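Asks: Using the working numbering, read the sequence shown as starting at 97 and increasing by one per residue.
Idealized CB from N, CA, C, for every residue including glycine.
Because the structure is a prediction, the values reported are computed rather than measured.
Before I ask anything, let me first share the structure, which is written out below as structure tokens.
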Amino acid sequence: MKIIMLGAPGAGKGTQADKICAKYDIPHISTGDIFRANIKNNTELGQKAKSYMDKGLLVPDELVVDLVVDRVKADDCAKGYVLDGFPRTIPQAEALDKALEASGEKVDFAINVEVPDENIINRMSGRRACVTCGATYHIVHIPTKVEGICDKCGSELILRDDDKPETVKKRLDVYHEQTQPLIDYYTEKGVLHEVDGTKDMEEVFGAIVNILGA
Numbered sequence: 097m098k099i100i101m102l103g104a105p106g107a108g109k110g111t112q113a114d115k116i117c118a119k120y121d122i123p124h125i126s127t128g129d130i131f132r133a134n135i136k137n138n139t140e141l142g143q144k145a146k147s148y149m150d151k152g153l154l155v156p157d158e159l160v161v162d163l164v165v166d167r168v169k170a171d172d173c174a175k176g177y178v179l180d181g182f183p184r185t186i187p188q189a190e191a192l193d194k195a196l197e198a199s200g201e202k203v204d205f206a207i208n209v210e211v212p213d214e215n216i217i218n219r220m221s222g223r224r225a226c227v228t229c230g231a232t233y234h235i236v237h238i239p240t241k242v243e244g245i246c247d248k249c250g251s252e253l254i255l256r257d258d259d260k261p262e263t264v265k266k267r268l269d270v271y272h273e274q275t276q277p278l279i280d281y282y283t284e285k286g287v288l289h290e291v292d293g294t295k296d297m298e299e300v301f302g303a304i305v306n307i308l309g310a
């Protein structure tokens, strides 16, 4: 079961990807996690990725494609996987399809979590991230026990640069311009399914399970 999660930054697709992976016992492959790990370790890739992410821009294809393709060939992907944050562009989607076709495989489901831009800006500006362990919270929906302090490790929480309203707006503009064509791409492939991301998290997950099959 090879699944691609689509939706604007902050639409909640990462949360749903985690829930899908837990239910179906398949890995959650997030390019965001890969980038953040590289940024934390100050690798060359991390420095390049950060320079784009801080400006609300997409990381270029050449920094992403090979990394993801190698990842989906790993043993833990034998039963399938959920891709979150990739592909972001038509060239990335075409590169992924070509790599899968070479081994007789294909994308089975592309699930678009649909949320209006205004909702996303409000959601993301309330997010907080731990400077030490990377845990994420929300001041309204997932508050910490002590304001501004991580429940897991006790470190300070911050509003990341890429969650600030002005950056989110720029990211959404980039998304609509470059990523939304993927909806048409996967519709033509016959694998696109849409869910209403403004609903309760469990309702959204229920709709996804109905699409995937229990």
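Report, in whole angstroms, the separation of the C-beta atoms of Ile135 and Lys151, which I expect to be a contact under 8 angstroms.
Replies: A Cβ-Cβ distance of about 14 angstroms is found for the pair Ile135 and Lys151, leaving them out of contact under the 8 angstroms criterion.
Asks: Going residue by residue through the segment 204-244, where are the continuous beta strand (DSSP E) segments of at least 3 residues, counting only ones entirely within it?
Replies: 205-210, 223-226, 232-234
Asks: Hey, could you find the ends of the alpha helix (DSSP H) Tyr271 is sitting in?
Replies: Element bounds for Tyr271: n/a, residue is neither H nor E.
Asks: Which word fits Asp172, buried or exposed, when buried means at least 16 other C-beta atoms lie within 10 angstroms of its C-beta?
Replies: exposed
Asks: Would you give the residue range spanned by the beta strand (DSSP E) that Ile99 belongs to?
Replies: 98-102
Asks: On the three-state DSSP scale, how would you describe Ser126?
Replies: strand
Asks: Would you mind reading off the limits of the alpha helix (DSSP H) that contains Asp114?
Replies: 109-120
Asks: Is the segment 203-211 in contact with the segment 242-262, if contact means three or more CB pairs nearer than 8 angstroms?
Replies: no
Asks: Using CA atoms only, rank isn't needed, just tell me which of Leu268, Ala174, Pro183 is closest to Met220.
Replies: Leu268
Asks: With respect to the beta strand (DSSP E) encompassing Glu158, which residues constitute its N-terminal and C-terminal limits?
Replies: Per DSSP, Glu158 belongs to no beta strand (DSSP E) and is neither H nor E.
Asks: Consult DSSP for Asp292 and reduce its assignment to one of helix, strand or coil.
Replies: strand
Asks: From the DSSP output, in three-state form, read off Ile197 for me.
Replies: Ile is not the amino acid found at residue 197; the sequence shown has Glu there. Reduced to three states, the DSSP call for Glu197 is helix.
Asks: Which class does Asp258 belong to by DSSP, given the choice of helix, strand or coil?
Replies: Note: Asp258 maps to helix in three-state DSSP.
Asks: Buried or exposed, going by whether 16 or more other CB atoms sit within 10 Å of the CB of Ile122?
Replies: Buried.
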